[in-house]
Amino acid sequence: MLNETHDPALRSWVASANSAGTDFPIQNLPFASFRRQGSDEAFRGGVAIGDQILDLAAVARTGMFSGDAGQAVQAGAQPRLNDLMAQGAPVWSALRLALSRALREGAAEQAALKDCLVPQAQAEYGVPARIGDYTDFYTSVHHATNIGRLFRPDNPLLPNYKWVPIGYHGRASSIGVSGQRFRRPVGQTMPPGATQPSFGPCKRLDIELELGIFVGTGNEPGDPVSMAQAEDHVFGICLLNDWSARDIQAWEYQPLGPFLSKNFATTISPWIVTLEALAPYRVAFERPADDPQPLPYLDSEANRRQGAFDIQLQVGLQTHRMREAGQGDASICRTSYRHAYWTVAQMVTHHTVNGCNLQPGDLFGSGTLSGPTLDQAGALIELTAGGKNPLQLPGGESRTFLEDGDSVVLRGWCEKPGAARIGFGECRGTVLPARA
Ligand code: MN
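Each residue of the sequence shown is one higher than the last, beginning at 34 in the numbering used here.
Next up, the structure:
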């Protein structure tokens with residue numbers, strides 16, 4: 034799985050890509066859709082390198098790449114990345130190799146490529162794909178148990194959980210990119226002890242720390258994707274905040290699941306990190322021996338050996354007052370994707386086993402990625418025990434659920450000895466007051 038593009042000794046002629054702690058060294062090379070801030074330029078694909086973006090439309094005009102890499106650059110020059118996503122894993126890999134070689138110190142392409150760079154500080158981002166369908170899974174057993182305990186103290190985990198990768202079909206139209214600002218939703222809630230619902234602004238607005246999984250090549254209707262093929266259909270992974278109105282959710286969710294409590298906004302990071310870039314950070318998928326093992330269609334030797342990813346995750350909260358005081362966000366959660374109960378491959382295979390077709394640019398949410406301990410919980414409803422234990426913030430404020438003006442920042446990165454540290458950038462969103 035590892036190749037020359039993962040070599041931790043590689044350095045780029047883009048100097049900022051070599052600085053310790055950068056999210057975007059030459060070993061990462063994630064994709065986004067961008068243009069210059071405040072311009073009327075067309076959006077086009079770009080690749081992060083240090084604090085710069087390599088503009089794929091500009092690279093396409095140089096004509097310097099041919100074959101699969103040239104075809105990938107042409108597809109990546111489009112406003113959204115669906116065409117690139119449709120090309121398939123060998124083409125994505127050919128582009129990664131060509132870019133890795135052309136961005137290395139001493140590369141002959143430096144003279145031509147340096148004119149294709151745009152500073153990230155001058156960019157604005159778009160949603161990276163036309164997302165046809167969005168599916169939100171529920172792959173953290175710790176989240177499912179914590180939430181279940183709040184609703185059903187005697188029976189926190191429903192009997193299907195350890196057998197079926199649970200999910201629901203979400204809403205694609207309200208997915209926005211980092212920087213998204215949205216109004217607090219209004220809706221129906223049933224206050225405790227009341228006999229009829231009230232209507233008004235959500236009082237329990239929450240976050241969900243998730244990863245987004247972008248589908249690359251699709252499958253034909255009726256043509257399931259096996260575990261052996263599943264990862265070939267995945268373009269890459271981003272950060273995803275599934276904002277949730279818990280009071281609306283509690284009243285509306287039975288029997289069909291979340292609806293207006295979820296579909297008002299979902300925020301993703303602009304950068305999609307490819308599975309190839311994440312290869313050094315694969316880890317074994319492990320099930321406790323006394324848990325049910327996956328049914329054969331959800332099992333494979335490769336999945337057991339290396340189907341999970343050790344992606345470090347963090348949630349930061351910055352209140353309006355903190356922002357006014359020039360104070361950065363405060364960390365409220367730290368965890369890793371390795372604790373998920375189901376893998377990316379299992380999500381793809383389960384989603385298609387009934388014949389459902391996926392299309393390039395479809396998006397999966399992983400579900401809230403809570404880890405095994407309370408400080409690793411990826412939602413306020415868990416961190417505050419359903420609003421009973423407020424979080425204390427530096428500066429003296431506290432929070433149970435989000436207040437107007439609060440910003441939430443998700444961050445993700447991978448690091449370990451012997452591999453280059455790579456990151457996901459950030460996924461930021463801000464709550465505005467409800468419409469009067
Ligand atoms: Mn969710």
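We put the CB at the ideal spot given by N, CA and C, even for glycine.
For residue i, the first and last residue of its enclosing beta strand (DSSP E)
i	result
residue 448	Premise fails: residue 448 is in no beta strand (DSSP E) and is neither H nor E.
residue 243	242–248
residue 116	No beta strand (DSSP E) holds residue 116; the alpha helix (DSSP H) holding it covers 115–120.
residue 81	77–82
residue 267	267–274
residue 156	156–159
residue 168	167–170
residue 85	85–88
residue 150	150–152
residue 18	Look at the range of the chain in this structure, 34 to 469, and you will see that residue 18 is not part of it.
Which listed residue (the options) has its alpha carbon closest to that of residue i
i	options	result
residue 275	203, 42, 128	203
residue 437	239, 316, 312, 325	239
residue 426	461, 113, 351, 368	351
residue 314	452, 143, 142, 261	452
residue 303	355, 250, 209, 295	209
residue 57	39, 73, 74	39
residue 471	60, 282, 415, 353	As shown, the chain starts at 34 and ends at 469. That puts residue 471 outside it, with no answer to give.
residue 429	330, 435, 354, 246	354
residue 226	284, 205, 254, 181	284
residue 471	432, 369, 49	Past the boundaries of the shown model lies residue 471; the chain is included only from 34 to 469, so the question cannot be answered.
residue 407	91, 166, 176	176
residue 387	261, 186, 255, 134	255
residue 34	222, 295, 316	316
residue 349	334, 312, 331, 409	409
residue 71	156, 459, 340	156
residue 248	231, 327, 382, 289	382
residue 405	312, 324, 367	367
residue 265	52, 222, 377	377
residue 205	321, 301, 96, 228	301
residue 235	228, 62, 311, 223	223
residue 145	37, 375, 259, 46	46
residue 122	267, 375, 147	267
Short Cβ contact (8 Å threshold) for residue i with residue j
i	j	result
residue 361	residue 169	no
residue 269	residue 244	no
residue 118	residue 394	yes
residue 445	residue 346	yes
residue 198	residue 379	yes
residue 306	residue 455	yes
residue 402	residue 358	no
residue 424	residue 365	yes
residue 390	residue 252	yes
residue 124	residue 93	no
residue 211	residue 241	no
residue 174	residue 201	no
residue 78	residue 66	yes
residue 43	residue 137	yes
residue 149	residue 88	yes
residue 440	residue 299	no
residue 342	residue 218	no
residue 68	residue 75	yes
residue 434	residue 113	no
residue 135	residue 110	no
residue 115	residue 162	yes
residue 246	residue 133	no
residue 289	residue 220	no
residue 213	residue 462	yes
Residue range of the alpha helix (DSSP H) that includes residue i
i	result
residue 334	334–339
residue 280	279–285
residue 106	100–109
residue 415	413–416
residue 62	Where residue 62 is concerned, there is no enclosing alpha helix (DSSP H), given that its DSSP letter is neither H nor E.
residue 146	143–146
residue 326	Residue 326 -> no alpha helix (DSSP H), and no H or E assigned at all.
residue 262	260–263
Integer Cβ distance of residue i from residue j, believed to fall under 8 Å
i	j	result
residue 85	residue 151	7 Å
residue 164	residue 396	5 Å
residue 131	residue 98	5 Å
residue 166	residue 127	About 28 Å separates the two Cβ atoms, so there is no contact after all.
residue 215	residue 465	6 Å
residue 257	residue 385	5 Å
residue 332	residue 339	Not confirmed; about 14 Å, so no contact.
residue 411	residue 171	Not a contact, Cβ separation roughly 12 Å.
Q) Going along the chain, which unbroken runs of the alpha helix (DSSP H) with 4 or more residues stay wholly within the stretch 334–411? A) 334–339, 353–357, 377–385
Practice problem: With a floor of 3 residues, list each beta strand (DSSP E) that falls wholly inside the stretch 179–258, ordered by position along the chain. | Solution: 200–202, 208–210, 213–216, 219–222, 231–234, 242–248
Next item on the list: Give, in chain order, every unbroken run of the beta strand (DSSP E) that is at least 3 residues long and sits entirely within the stretch 287–317.
Entry: 299–301
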